[in-house]
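Heads up: the structure comes next, in structure tokens.
In the numbering used here, the protein residues as written are 13 to 237.
Here is the structure:
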């Protein structure tokens, strides 16, 4: 559990109308700003997605992927492991949100949306940020998918942990050497982002996500290398 740090909330979200086929979603999606307002419940209007100002907490969960299947990356087997994990993320959010609502509070499921999963996971004490940009956990390393639920339910926040990931990543650099798209930085952490996908102003390894996204179609799947 972490306090809701609004610095990690996205400025806008992409919504896809229910009647738009998947193959057309890239060109027919709707971009809406995410805003905080004095409203009793989360809501979506024609123009924006509204989070109540009373929303103070984020519950972050790491769903482990099948390690043996992921070790076959970039094969379809690894894609299946990731896709199955996304399904489990959705089910987790659904069950947790329903439980919170039965307790009399509101809950916002998000999976990859609403805000930066790694930043929230680090603040919730699930793990530490790494050179490759993923959250490395003590139990499963980076082999997890992160999901989040935002709520006004009173909760005691956890504290960030430190088990040596930063020091390890400063010297290892294996992920940067092996990255087929060369998207992962081999240099030191900086405050300046390398692309539109980076948030400048926080000390981290700044990766070139444009290179990563360009490589995905060429890999035939989710990469995962």
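Ideal placement from N, C-alpha and C gives every residue a C-beta, glycine not left out. From a predicted model like this one, the values you see are computed outputs, not experimental measurements.
Residue 147 sits in a strand when the DSSP states are folded into three classes. As summarised for the segment 17 to 64, the continuous beta strand (DSSP E) elements at least 3 residues long and confined to that stretch are 24 to 27, 42 to 49, 61 to 64, given in chain order.
DSSP places residue 160 within a strand segment (E or B) once states are collapsed to three. In the displayed model, residue 112 falls within a helix according to three-state DSSP.
Taking a cut-off of 8 Å on C-beta distances, the segment 158 to 166 does not touch the segment 207 to 222, as fewer than three cross pairs fall below it. Between residue 152 and the set 76, 142, 119, the nearest pair of CA atoms involves 76. Contact check between the segment 190 to 208 and the segment 218 to 230: three or more CB pairs, one atom from each, fall below 8 Å, which counts as touching. Straight through space, the alpha carbons of residue 112 and residue 171 are spaced by roughly 22 Å. Sequence-distant partners of residue 30 (beyond 5 residues in either direction) whose C-beta falls short of 6 Å from its own C-beta are missing from its chain. Cα atoms of residue 130 and residue 25: separation of roughly 17 Å, rounded to the nearest angstrom. Excluding the 5 residues flanking it on each side, residue 197 has same chain C-beta neighbours closer than 8 Å at 143, 188, 206, 217, 218, 219, 220, in chain order. Taking a C-beta distance under 8 Å as the contact criterion, residue 118 and residue 53 qualify as a contact pair.
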